[in-house]
Amino acid sequence: MAAVRAGYAVGGTALELGALVNGEALPDVQVRIPLGMLNRHGLVAGATGTGKTRTLQLLAEQIAAAGVPVFAADVKGDLSGLATPGQPNDKLLARTAGIGQQWQGVGSQAEFYALGGVGTGVPVRATVSGFGPLLLAKVLGLNETQESSLGLVFHYAEQAGLPLVDMSDLRSVLTYLTSDAGKGELADLGGLSKQTVGVILRELVTFADQGADAFFGEPEIDTAEFLRTAPDGRGIVSLLEVPGVQDQPQLFSTFLMWMLADLFNELPEVGDQDKPKLVFFLDEAHLLFTGASKDFTEQVVRTVRLIRSKGVGVFFVTQTPKDVPNDVLAQLGSRIQHQLRAHTPDDAKALRATVSTYPTSEYDLGEVLTSLATGEAIVTVMNERGAPTPVAWTRLRAPQGSMEPLPGADLEARVTSSPLLARYGTRVDPDSAHEILARRMEAAAAEAAAAEAAEHAASAQAEAEKEAARAAAAAAKEAAARAKHDERERRTAQQEYERTQREFERAERAAESRRSGRSSRSSRTSTSRRSGDPLSDLLGPGLGGTIAKEVVKGIFSTLRRRRR
Numbered sequence: 001m002a003a004v005r006a007g008y009a010v011g012g013t014a015l016e017l018g019a020l021v022n023g024e025a026l027p028d029v030q031v032r033i034p035l036g037m038l039n040r041h042g043l044v045a046g047a048t049g050t051g052k053t054r055t056l057q058l059l060a061e062q063i064a065a066a067g068v069p070v071f072a073a074d075v076k077g078d079l080s081g082l083a084t085p086g087q088p089n090d091k092l093l094a095r096t097a098g099i100g101q102q103w104q105g106v107g108s109q110a111e112f113y114a115l116g117g118v119g120t121g122v123p124v125r126a127t128v129s130g131f132g133p134l135l136l137a138k139v140l141g142l143n144e145t146q147e148s149s150l151g152l153v154f155h156y157a158e159q160a161g162l163p164l165v166d167m168s169d170l171r172s173v174l175t176y177l178t179s180d181a182g183k184g185e186l187a188d189l190g191g192l193s194k195q196t197v198g199v200i201l202r203e204l205v206t207f208a209d210q211g212a213d214a215f216f217g218e219p220e221i222d223t224a225e226f227l228r229t230a231p232d233g234r235g236i237v238s239l240l241e242v243p244g245v246q247d248q249p250q251l252f253s254t255f256l257m258w259m260l261a262d263l264f265n266e267l268p269e270v271g272d273q274d275k276p277k278l279v280f281f282l283d284e285a286h287l288l289f290t291g292a293s294k295d296f297t298e299q300v301v302r303t304v305r306l307i308r309s310k311g312v313g314v315f316f317v318t319q320t321p322k323d324v325p326n327d328v329l330a331q332l333g334s335r336i337q338h339q340l341r342a343h344t345p346d347d348a349k350a351l352r353a354t355v356s357t358y359p360t361s362e363y364d365l366g367e368v369l370t371s372l373a374t375g376e377a378i379v380t381v382m383n384e385r386g387a388p389t390p391v392a393w394t395r396l397r398a399p400q401g402s403m404e405p406l407p408g409a410d411l412e413a414r415v416t417s418s419p420l421l422a423r424y425g426t427r428v429d430p431d432s433a434h435e436i437l438a439r440r441m442e443a444a445a446a447e448a449a450a451a452e453a454a455e456h457a458a459s460a461q462a463e464a465e466k467e468a469a470r471a472a473a474a475a476a477k478e479a480a481a482r483a484k485h486d487e488r489e490r491r492t493a494q495q496e497y498e499r500t501q502r503e504f505e506r507a508e509r510a511a512e513s514r515r516s517g518r519s520s521r522s523s524r525t526s527t528s529r530r531s532g533d534p535l536s537d538l539l540g541p542g543l544g545g546t547i548a549k550e551v552v553k554g555i556f557s558t559l560r561r562r563r564r
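In structure tokens form, the structure reads like this:
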């Protein structure tokens, strides 16, 4: 008892946890946590119904009263009552008096948030680009190759002026890169295969099915909102409503890691101070690690280890320490362990593992941990020198705020009056990658349609020109054939005329031969006078000319009839 009294004596500001139990509560032996040691992180564990949530409320109220902002995930919705003073009753007053607590109802300054706007509180959103490829890859469980490929996609989007605001933007970029329009840019990226893009797309669809679409978007919450204090100097308790978190473990863990990573990136190094800048409580912490990849767990370990130098403390609240990986447990300086149950072999194994993590003490921890009453816990913390305190069986103090959920009407009224609602309440859908690529694809489709129409018109024109050329060639061929035919007919007529002429000449010679016997002189004179026209000599000048004209006329008349 003297060792416990000395071990929990604190010179500076401390959180009052409760009184030591040695058969009964000893109000003069108080168990405390130095406020300055909260950035060494902690664990609150215990079976369902043993008082973990009330311990979380007790810590949050005292931390906020000391001027330190608090962030807590209100998984079951029963932390909201801390915003209003608790109501006394005889049982409560008797219990608090027995542990030396001067109890009075006090409400804390609280701000209520809802993840993705699903719920009553001020919506909490993050942009995809602000979230970053590394953290998203961890949450999606991508392997190293896929993680590297996702980084290339983010780099491409940034270089191409494609803002990644929500999940539809990222899906649009991935879909574009695997389309005919974007396959050239996909090839230019290098190291990014169409198959890998397909895997990432499928993982994003699964992630979206868990509600991620609601979380990603604008306006993005500024994590500095969680570091605010009230005008009276008290820290503001930020409570995040996460209904149905058991069905959305990836979304829940995503927000935690984004918030811690953002705080780690934004906050300066401060080391150990008199009080932290923020204390973060993660209720149902086992959901963070259920199904988590090795890379994700390593990221949590790294963040928890390094963020304490930024003045941020993280408390994990869960059922058994085995819910938290050993590498994370090793970073937790304070332990508040409520009752454990050992009804099954697995429970017994978990109990033995829990006992082994505590410093040596006079307690039979295997026995004590299964016999703790509700509202009691085994405690060990770091003292002001950074050394572990003695293990102390502690009856914990009661919260001063209401332990009942805030009525729905009161909760809505508080959210409506919050100055943050005007800034974050309405979802904004800016012109981002999805819209830009939709226009680009539409323009590409219109251009392709115009090119197809132009090609069709050119093809039709070429075909018309070919048809005209064929018609002209056919007409020319027909004209040539007609000319050839006419020439042939003309030659035939000429030949016929010449044949007839020769016949006349033969007839003339025959006639001349007959006349030669009658009168040689008379015949010679006559022949000399009509030598220009043998036919006229035979038939006489008038009759011979007439017959010749009729013969020629008949020949050409026949020719015309043949043409028709």
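Here the sequence shown is numbered in UniProt numbering, starting from 1 and rising by one per residue.
Built from N, CA and C at the ideal position, the CB exists for glycine as well.
Which one of 229, 236, 265 and 215 has the shortest CA to CA distance from residue 242? For the purposes of this step, residue 242 is taken as the residue at position 242 of the sequence shown. The shortest C-alpha separation from residue 242 is found at 215.
For residue 174 and residue 201, what's the separation of their Cα atoms in angstroms? In the sequence shown, the residue the question calls residue 174 occupies position 174. In the sequence shown, the residue the question calls residue 201 occupies position 201. The alpha-carbon atoms of residue 174 and residue 201 are separated by roughly 7 Å.
Looking at residue 4: is its Cβ nearer than 8 Å to the Cβ of residue 392? The count along the sequence shown starts at 1 and reaches residue 4 at position 4. The count along the sequence shown starts at 1 and reaches residue 392 at position 392. Yes; because the gap between Cβ atoms is below 8 Å, this pair is in contact.
So what's residue 238 in DSSP terms, helix, strand or just coil? Position 238 of the sequence shown holds residue 238. Strand, per DSSP.
Using only alpha-carbon positions, find the residue among 199, 118 and 279 that is nearest to residue 145. Counting from one through the sequence shown, the residue named residue 145 turns up at place 145. For residue 145, the nearest C-alpha among the options comes from 199.
Between the beta-carbon of residue 71 and the beta-carbon of residue 255, is there less than 8 Å? For the purposes of this step, residue 71 is taken as residue 71 along the sequence shown, with counting starting at 1. For the purposes of this step, residue 255 is taken as residue 255 along the sequence shown, with counting starting at 1. Against a cut-off of 8 Å, the Cβ pair of residue 255 and residue 71 comes out as no contact.
Any chance the stretch 223-238 sits against the stretch 53-66, with 3 or more Cβ pairs inside 8 Å? They touch, by the three-pair rule.
In whole angstroms, what is the alpha-carbon distance linking residue 11 and residue 383? The residue you call residue 11 lines up with position 11 of the sequence shown. The residue you call residue 383 lines up with position 383 of the sequence shown. Answer to the nearest angstrom: the Cα atoms are 10 Å apart.
Per the contact definition of three or more C-beta pairs closer than 8 Å, is the stretch 24-31 in contact with the stretch 45-64? Judged by pairs of C-beta atoms under 8 Å, the stretch 45-64 does not touch the stretch 24-31, as fewer than three such pairs exist.
Is the beta carbon of residue 395 less than 8 Å from the beta carbon of residue 151? Here residue 395 is taken as the residue at index 395 of the sequence shown, counted from 1. Here residue 151 is taken as the residue at index 151 of the sequence shown, counted from 1. Against a cut-off of 8 Å, the Cβ pair of residue 151 and residue 395 comes out as no contact.
Rounded straight-line distance, which links the Cα of residue 91 to that of residue 125: If you number the sequence shown from 1, residue 125 lands on position 125. If you number the sequence shown from 1, residue 91 lands on position 91. So the two alpha carbons sit approximately 43 Å from each other.
Could you compute how far the alpha carbon of residue 81 sits from the alpha carbon of residue 289? By 1-based counting over the sequence shown, the position of residue 81 is 81. By 1-based counting over the sequence shown, the position of residue 289 is 289. Just so you know, the alpha carbons of residue 81 and residue 289 end up roughly 28 Å apart.
Taking only three categories from DSSP, how would you classify residue 539? Position 539 of the sequence shown holds residue 539. Note that residue 539 has pLDDT 49, beneath the 50 cutoff, so the model's placement of it is unreliable and the number below is only indicative. It is helical.
Nearest CA to the CA of residue 262: which residue from 272, 248, 306 and 274? Taking the first residue of the sequence shown as position 1, residue 262 is located at position 262. Looking at the Cα atoms, 306 is the closest of the given residues.
Report the start-end ranges of each alpha helix (DSSP H) in the stretch 31-95 that is 4 residues or longer and not cut off at the edges. Whole alpha helix (DSSP H) segments, 4+ residues: 52-65.
Just mark residue 1 as buried or exposed, buried being the case when its beta carbon has 16 or more other beta carbons within 10 Å. Numbered from 1 along the sequence shown, position 1 holds the residue referred to as residue 1. By the neighbour-count rule (16 or more Cβ atoms within 10 Å), residue 1 is not buried but exposed.
Mind checking residue 93: buried by the 16 CB within 10 Å criterion, or exposed? Position 93 of the sequence shown holds residue 93. By the C-beta density criterion, residue 93 is exposed, having fewer than 16 other C-beta atoms within 10 angstroms.
Start-to-end residues for the alpha helix (DSSP H) that takes in residue 492: Translated into positions along the sequence shown, residue 492 becomes position 492. Element bounds for residue 492: 433-516.
Tell me where the alpha helix (DSSP H) around residue 326 begins and ends. The residue labelled residue 326 in the question sits at position 326 within the sequence shown. Taken as a continuous stretch (DSSP letters only), the alpha helix (DSSP H) holding residue 326 covers 326-329.
Quick one: grab the DSSP three-state call for residue 99. By one-based count along the sequence shown, residue 99 stands at place 99. Coil at residue 99, not helix or strand.
Take residue 149 as the anchor and find which of 190, 158, 161 and 118 has the nearest alpha-carbon. For this step, residue 149 is matched to residue 149 along the sequence shown. Closest by alpha carbon: 190.
Within the same chain, show all residues whose beta-carbon is closer than 8 Å to that of residue 48, passing over the 5 residues directly before and after it, in chain order. Here residue 48 corresponds to residue number 48 of the sequence shown, with the count starting at 1. Answer for residue 48: 319, listed in chain order.
Chain-order list of residues whose beta-carbon lies under 6 Å from that of residue 374 (same chain, five-residue window excluded): Residue numbering aside, residue 374 sits at position 374 when the sequence shown is read from its first letter. 50 and 51.
Quick one: what's got a C-beta closer than 8 Å to residue 285's C-beta in the same chain, skipping five residues either side? Reading the sequence shown from its first residue, position 285 is the one you call residue 285. Cβ within range, chain order: 316, 317, 318, 323 and 324.
Any beta strand (DSSP E) of 3 or more consecutive residues that is wholly inside the stretch 96-154: 110-115 and 122-124
Among 128, 264 and 220, the one whose alpha carbon lies nearest that of residue 421: Position 421 of the sequence shown, counted from the first residue, corresponds to residue 421. Among 128, 264 and 220, the Cα nearest to that of residue 421 belongs to 220.
In chain order, what residues of the same chain lie with their CB nearer than 7 Å to the CB of residue 269, ignoring the 5 residues before and after it? Residue numbering aside, residue 269 sits at position 269 when the sequence shown is read from its first letter. Answer for residue 269: 309 and 310, listed in chain order.
Exposed or buried, what is residue 606 when buried is set at 16 or more other beta-carbons lying within 10 Å of its beta-carbon? Because the chain spans 1 through 564 in this model, residue 606 falls outside it and cannot be assessed.
For residue 25, which of helix, strand or coil comes out of DSSP? As a first step, residue 25 must be located in the sequence shown, where it is residue number 25. In the structure shown, residue 25 sits in a strand (DSSP, three-state: E or B).
Which residue from 142, 367 and 129 puts its Cα closest to that of residue 159? Counting from 1 along the sequence shown, the entry for residue 159 is found at position 159. Of the listed residues, the one whose Cα sits closest to residue 159 is 129.
Three-way DSSP call (helix, strand, coil) for residue 313 in this model: Here residue 313 corresponds to residue number 313 of the sequence shown, with the count starting at 1. Here residue 313 sits in strand by DSSP.
Kindly identify the DSSP beta-bridge partner or partners of residue 395. For this step, residue 395 is matched to residue 395 along the sequence shown. Beta-bridge pairing links residue 395 to 19 and 376.
Please classify residue 336: does DSSP put it in a helix, a strand, or coil? Sequence index remark: in the sequence shown, residue 336 carries index 336 (1-based). Note: residue 336 maps to strand in three-state DSSP.
Taking the beta strand (DSSP E) that residue 280 belongs to, which residues open and close that run? By one-based count along the sequence shown, residue 280 stands at place 280. Residues 278-282.
Taking the alpha helix (DSSP H) that residue 367 belongs to, which residues open and close that run? Reading the sequence shown from its first residue, position 367 is the one you call residue 367. Element bounds for residue 367: 365-371.
Against chain C, does residue 91 count as a neighbour if the rule is that its beta carbon must be under 8 Å from one of theirs? Considering every chain present, this structure includes no chain C. It has just one protein chain.
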